[in-house]
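First the structure, in the form of structure tokens, and then the observations on it.
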Ligand code: NAP
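Residue numbers (full-length UniProt numbering): 1 to 285.
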């Protein structure tokens, strides 16, 4: 028996439908949610990402404005723009596309965005809230991993979960989201002595390492649930995850593939953060 594939696209469609309803009810109360995206430089991938968000935002009724600055813009000027967006009551979410040019401090920029508008969940205050289990804005990718599990009917409570990767964007926030749901969490990284042993003990494996082919069939216990959050370029230029999906699907019970899994839900969850931010800003939540 092969694993059941978790269909990220259909879960994204559910999330989108829920969000549209929520956006409509906010509009009915006189609030038009709006996301501002700041793009410094002309990194081609970032331009594509920003434009795809614009389309997706329109689809759920969220307004979108792109602020593009040349790559030689001074750090102070970027910070000034963020300050202006922080003070703009019509804007409820601010996202700064990465990577930034080398002369601009990513940390300073992340700290400059108002925590209630920090839809990427990268402000130190939001990171702290995740850790403390308090309400704040959480990065979309770890949220997507949780949504895929929960909406597939997987019980997280009491499960042994191995996260492969302790990155700031995915692995680390996941630790706290899983603990809050009463999982027993093991976090693996490049210094983990016996990665295969750790993953084999897990009932749920979440791969977030950014290394194609890292999770192989022999690393997965029969019946385990595998969520692949990795994004890598395959040998033929296609997008692949961290998991050898076809092989692992022969032993796992559920598997979320790349593409069509975690990545399919991240944009809609980013927009959900815009709505959450708006509600917190306006005292509606
Ligand atoms: P990151 O900061 O680069 O962290 C990668 C982590 O993986 C590190 O903790 C690293 O260990 C660990 N790692 C790398 N190779 C390993 C190996 N061979 N064995 C064990 N651990 C290993 O990455 P990130 O920003 O958290 O992102 C993780 C992945 O998620 C990337 O593929 C990224 O592209 C993807 N991602 C996906 C989405 C989406 O929408 N689906 C969004 C954002 C990111 P050390 O700490 O020891 O170096």
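The beta-carbon is built from N, C-alpha and C at its ideal position, and this holds for glycine as well. A quick note: this is a predicted structure, and the numbers were derived from the prediction, not measured.
Is the closest heavy atom of the ligand NAP to the C-beta of residue i under 7 Å?
i, result
"residue 195", "yes"
"residue 117", "no"
"residue 12", "no"
"residue 121", "no"
"residue 244", "no"
"residue 201", "no"
"residue 209", "yes"
"residue 185", "no"
"residue 262", "yes"
"residue 126", "no"
"residue 2", "no"
"residue 171", "yes"
Quick one: what's got a C-beta closer than 7 Å to residue i's C-beta in the same chain, skipping five residues either side?
i, result
"residue 250", "2, 217"
"residue 22", "275"
Taking the beta carbon of residue i as the centre, do at least 16 other beta carbons fall within 10 Å, making it buried, or is it exposed?
i, result
"residue 229", "buried"
"residue 50", "buried"
"residue 14", "exposed"
"residue 284", "exposed"
"residue 8", "buried"
Taking residue i as the reference, give the member of the options with the closest Cα.
i, options, result
"residue 155", "179, 236, 133, 141", "179"
"residue 134", "161, 159, 112, 176", "176"
"residue 96", "111, 88, 89, 90", "111"
"residue 42", "183, 66, 152, 30", "66"
"residue 174", "23, 132, 267, 200", "132"
"residue 119", "92, 87, 246", "92"
"residue 252", "227, 260, 83", "227"
Counting only the same chain and skipping the five closest in sequence on each side, list residues whose C-beta sits under 6 Å from that of residue i.
i, result
"residue 171", "163, 165, 208"
"residue 215", "207, 242, 243"
"residue 114", "86"
"residue 122", "110"
"residue 140", "266, 269, 270"
Identify whether residue i lies in helix, strand or coil by the three-state DSSP scheme.
i, result
"residue 256", "strand"
"residue 63", "strand"
"residue 251", "coil"
"residue 228", "strand"
"residue 246", "helix"
"residue 69", "strand"
"residue 147", "helix"
"residue 262", "helix"
"residue 97", "coil"
"residue 118", "strand"
"residue 90", "coil"
Whose C-beta lies closer than 8 Å to the C-beta of residue i among residues of the same chain, with five residues either side of it excluded?
i, result
"residue 181", "146, 156, 157"
Just to confirm, does residue i get its C-beta within under 7 Å of one of the non-hydrogen atoms of the ligand SAM?
i, result
"residue 229", "As presented, the structure is devoid of the ligand SAM, carrying the ligand NAP as its sole ligands."
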